[in-house]
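Worksheet: the structure to be examined is printed underneath.
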Amino acid sequence: MATKSKLSVAKVQQPTREEAEAAVTTLIRWIGENPNREGLKETPRRVVKAFEEYFQGYQVKAEDVLSRTFKEDMGGYSDPVLIRHIEVESRCEHHMAPFIGFAHVAYIPDGRILGISKLARVVDMYARRMQVQERLTSQIANTLYQFVKPKGVAVMIEAEHFCMKIRGVRKDHSKTITTRFLGVYKRDAGLRQDFLQQVKGG
Ligand SMILES: [Zn+2]
Numbered sequence: 000m001a002t003k004s005k006l007s008v009a010k011v012q013q014p015t016r017e018e019a020e021a022a023v024t025t026l027i028r029w030i031g032e033n034p035n036r037e038g039l040k041e042t043p044r045r046v047v048k049a050f051e052e053y054f055q056g057y058q059v060k061a062e063d064v065l066s067r068t069f070k071e072d073m074g075g076y077s078d079p080v081l082i083r084h085i086e087v088e089s090r091c092e093h094h095m096a097p098f099i100g101f102a103h104v105a106y107i108p109d110g111r112i113l114g115i116s117k118l119a120r121v122v123d124m125y126a127r128r129m130q131v132q133e134r135l136t137s138q139i140a141n142t143l144y145q146f147v148k149p150k151g152v153a154v155m156i157e158a159e160h161f162c163m164k165i166r167g168v169r170k171d172h173s174k175t176i177t178t179r180f181l182g183v184y185k186r187d188a189g190l191r192q193d194f195l196q197q198v199k200g201g
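Residues in the sequence shown are numbered from 0 upward in steps of one, following numbering that gives the first Met the number 0.
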């Protein structure tokens, strides 16, 4: 399978930590700085460590996070569950610049519910990778739909992209909004309306 061999090639070619730190040193020299001066001596080590954090999502699989969803007696509850303002910190894959904002996630349970901390972990798992906001939105929605098997899922992300704020067009206050609707949300305009209303409201 093409994807499988691609992944294993990437694994084999993963550089060592020393090589990664050397690459940061090269960038420091490239901008015209002296990597040996006191303040910069430890910078490559710190940058590589920070990168581990920014991109730790590659170490996590959806199965690990969502292997257990809870089958619950919900007393007939069959309305949407909405979790608003889940922090999103990601990196654009074009500039590796941060994009930061919030995810709003709703689902309509079909017998199973999901712990809120798990939901946040799903957001992090995909956010802490090289991303475009559109794909991030889809991956969160698709994964919840696949693992929790709800009647429907709605995901909205609103984020500010630092590659637009501090470089390029320098549009400081623009926000990018993306949405993905699955299941009954896809078919029912009223449900989508309610979702958008609840996200905006109070
Ligand atoms: Zn960018």
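Backbone N, C-alpha and C define an ideal beta-carbon position, used for all residues, glycine too.
Quick caveat: nothing in here was measured; it's all calculated off a predicted structure.
When only Cα atoms are considered, A140 and E17 end up about 37 Å apart.
For ligand 1, residues qualifying as neighbours are C91, H93, H94, A96, H160, C162, where qualification means a beta carbon closer than 7 Å to at least one of its heavy atoms (chain order). When the five nearest sequence neighbours on each side are left out, the beta carbons in the same chain lying within less than 7 Å of the beta carbon of R128 are those of F54, G56, Y57, in order along the chain. The segment 60-74 makes contact with the segment 117-132: 3 or more CB pairs, one atom from each, lie closer than 8 Å. Taking a contact as a CB-CB distance under 8 Å, the pair I85 and F101 counts as one, their CB atoms being some 6 Å apart. Taking C-beta atoms as the reference points, I30 and L39 fail to come closer than 8 Å. By alpha-carbon distance to M163, the top candidate from S173, E157, V154, M155 is S173.
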